[in-house]
RNA sequence: GGGUCGAUAGCUCAAUGGUAGAGCACUGGCCUUUUAAGCCAUUGGUUCCGGGUUCGAGUCCCGGUCGACCCA
């Protein structure tokens, strides 16, 4: 066996252990304390600590003749063990020396402090809990190959503390969103992933086939139409925080499956959603981050506290173009201006699409500080109520932070006849793309309501200061390798 | 879908068209308070895949795979 075949070397060690009657994959190890819990038990006054039993993965393995230092990592951090031949006995120490970095071990013993001041477990006994047959990435530079980070995220999590912390933050953020909504009397529900009509948004859906019904189904692209059925059913405050699927591009900002929060609250409107989303983000900042200031990877600071800017879509366009008459201009004039801005304007586009291209490419990406963009053109959201004073625009906002749309919210359309009308305009001739069951539900009467969606992945990018959506999605969509 | 860049030892990275190297890891030896432990001696390669040019290709050309970034 060549010594450079790391797998074979470790496999041989494992077989040696089995031959000696040991179990390299023990059923358990009693863990009385985590690394963090143990470390604080050391008493500075007496320079002593109680006996603890810890377990974790070996990240540092320093053999110094008849004594060794190893560091193990558990869920709370890293703790050092001091293992000597005198303490554990000659035979056990011989076995101990055969351990590898990456092995999961347990150890028992009292706490002490080393010469250099590190609280350490003086091992009286140790046990191999789970043998690692493959080596860890290099300790100093870690794992930096993006592809391996995504395909073998567990290695990234073992080796990169920042990555570990980022995903822990994501879990806390989601938990605090649920806590916040629960405190406000919202109930969480689970609605169908398989839908015969993929409604609630404009996106290309994934298609699948349900064997039992011999029927084509789509994976949901939004949670909206089923949650609104629950409003009709009398649950006045509902939300769902779950995965939706859009069969579109992959990029730094898009993953085909992503996590969405949608919530609906009866007897309020988009103004109510404004204060709700503000309070929600303050709550998450306070409980999870302990600050309202986020530093982006480029060093720019985003302030999530204080009063947020509110501006109409119209004013943003006029401010950008310096043209108060913009909305009176012909489509051709608008397109000509956009082409000067080096935007690719399709000749088939409708008037509002030209303006929207300008907005989404030249304005929205630069809205870093929290901004409520209100009064969007009516063509953009067929599920929202029209503004009573100006029916060309909608009673909606888009909350933009970090140059991205974080949360769109509407005063929800509850007029079933108008809703049918708007749907028909949207789908054109393709009537089978209308969710008739939803329209029937509206005909039974839906209370006036405010609704909102929050892209959880983008929110996590914002709150953790990440550079890409792949930094907050554990296993982003990738092309399968030949083996898988 | 288009453009640009990248893929070399387990990991992080070198290598004018001319013998594929280093650090860490691994293997063996020394070492009972180390902190990227140290010292000594080794070992380790389908240079992503397939073609081509060339006396000679990790390097140049073509095609492909996978990834990153930008654009759509």
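Numbering (my numbering), first residue to last: 79 to 562. Idealized CB from N, CA, C, for every residue including glycine.
Residues that DSSP places opposite residue i in a beta bridge
{"i": "residue 287", "result": "294"}
{"i": "residue 121", "result": "126"}
{"i": "residue 266", "result": "317"}
{"i": "residue 99", "result": "Residue 99 is not bridged to any residue."}
{"i": "residue 134", "result": "183"}
{"i": "residue 322", "result": "336"}
{"i": "residue 104", "result": "Answer by DSSP bridge pairing: none, since residue 104 is not bridged."}
{"i": "residue 273", "result": "296"}
{"i": "residue 464", "result": "472"}
{"i": "residue 139", "result": "148"}
{"i": "residue 379", "result": "373"}
C-alpha distance - residue i paired with residue j, whole-angstrom precision
{"i": "residue 536", "j": "residue 181", "result": "36 angstroms"}
{"i": "residue 369", "j": "residue 456", "result": "37 angstroms"}
{"i": "residue 79", "j": "residue 216", "result": "23 angstroms"}
{"i": "residue 539", "j": "residue 550", "result": "6 angstroms"}
{"i": "residue 525", "j": "residue 405", "result": "34 angstroms"}
{"i": "residue 191", "j": "residue 133", "result": "19 angstroms"}
{"i": "residue 442", "j": "residue 483", "result": "8 angstroms"}
{"i": "residue 151", "j": "residue 486", "result": "41 angstroms"}
{"i": "residue 359", "j": "residue 382", "result": "8 angstroms"}
{"i": "residue 179", "j": "residue 237", "result": "12 angstroms"}
{"i": "residue 98", "j": "residue 249", "result": "43 angstroms"}
{"i": "residue 433", "j": "residue 451", "result": "15 angstroms"}
{"i": "residue 127", "j": "residue 162", "result": "18 angstroms"}
{"i": "residue 393", "j": "residue 363", "result": "30 angstroms"}
{"i": "residue 103", "j": "residue 92", "result": "10 angstroms"}
{"i": "residue 329", "j": "residue 281", "result": "16 angstroms"}
{"i": "residue 346", "j": "residue 504", "result": "26 angstroms"}
{"i": "residue 141", "j": "residue 171", "result": "11 angstroms"}
{"i": "residue 481", "j": "residue 439", "result": "10 angstroms"}
{"i": "residue 105", "j": "residue 210", "result": "15 angstroms"}
{"i": "residue 649", "j": "residue 130", "result": "Because residue 649 is not part of the residues shown, which for the chain are 79 to 562, the question remains open."}
{"i": "residue 239", "j": "residue 149", "result": "15 angstroms"}
{"i": "residue 561", "j": "residue 513", "result": "Bear in mind that the predicted position of residue 561 carries a pLDDT of just 45, short of 50, making it unreliable; the figure below should be weighed with that in mind. C-alpha separation (whole angstroms): 41 angstroms."}
{"i": "residue 427", "j": "residue 409", "result": "9 angstroms"}
{"i": "residue 430", "j": "residue 153", "result": "52 angstroms"}
{"i": "residue 402", "j": "residue 411", "result": "14 angstroms"}
{"i": "residue 319", "j": "residue 138", "result": "40 angstroms"}
{"i": "residue 186", "j": "residue 312", "result": "57 angstroms"}
Reference residue i, options the options, closest by Cα
{"i": "residue 251", "options": "365, 354, 276, 397", "result": "365"}
{"i": "residue 473", "options": "276, 278, 491", "result": "491"}
{"i": "residue 189", "options": "151, 164, 159, 488", "result": "159"}
{"i": "residue 147", "options": "196, 118, 116, 115", "result": "196"}
{"i": "residue 259", "options": "354, 219, 312, 201", "result": "354"}
{"i": "residue 523", "options": "501, 545, 493, 497", "result": "493"}
{"i": "residue 113", "options": "184, 516, 367", "result": "184"}
{"i": "residue 477", "options": "387, 201, 126, 375", "result": "387"}
{"i": "residue 297", "options": "431, 243, 128, 326", "result": "326"}
{"i": "residue 437", "options": "137, 426, 421", "result": "421"}
{"i": "residue 396", "options": "415, 309, 316, 315", "result": "415"}
{"i": "residue 256", "options": "377, 532, 390, 518", "result": "532"}
{"i": "residue 461", "options": "529, 371, 294, 435", "result": "529"}
{"i": "residue 379", "options": "85, 541, 136", "result": "541"}
{"i": "residue 572", "options": "559, 556, 468, 534", "result": "With the chain represented from 79 up to 562, any question about residue 572 goes unanswered, as that position is not in the structure."}
{"i": "residue 165", "options": "156, 202, 501, 144", "result": "202"}
{"i": "residue 361", "options": "270, 261, 332", "result": "261"}
Local Cβ density within 10 Å of residue i, reported as buried at 16 or more and exposed below that
{"i": "residue 176", "result": "exposed"}
{"i": "residue 307", "result": "buried"}
{"i": "residue 497", "result": "buried"}
{"i": "residue 219", "result": "exposed"}
{"i": "residue 243", "result": "exposed"}
{"i": "residue 198", "result": "buried"}
{"i": "residue 96", "result": "exposed"}
{"i": "residue 276", "result": "buried"}
{"i": "residue 471", "result": "buried"}
{"i": "residue 304", "result": "buried"}
{"i": "residue 555", "result": "exposed"}
{"i": "residue 385", "result": "exposed"}
{"i": "residue 278", "result": "buried"}
{"i": "residue 357", "result": "exposed"}
Closer than 7 angstroms: residue i CB and nearest the ligand ATP heavy atom
{"i": "residue 181", "result": "Ligands in the displayed structure: none, and consequently the ligand ATP is not present."}
Which runs of the beta strand (DSSP E) spanning at least 3 residues fall entirely within the region 141-207, listed in chain order?
Counting only runs of 3 or more, we get 145-152, 155-162, 182-191, 197-200.
Beta strand (DSSP E) runs contained entirely in the region 381-457, provided each spans 3 or more residues
Runs found: 387-390, 449-452.
Identify every run of the beta strand (DSSP E) within the region 327-375, keeping only runs that are complete inside it and at least 3 residues long; order them along the chain.
335-344, 371-373
Hey, which unbroken runs of the alpha helix (DSSP H) at 4 residues or more fall wholly within the region 521-562?
Segments of the alpha helix (DSSP H) lying fully in the region 521-562: 534-542.
Go through the region 472-517 residue by residue and report every complete run of the alpha helix (DSSP H) that reaches 4 residues or more, in order.
494-505
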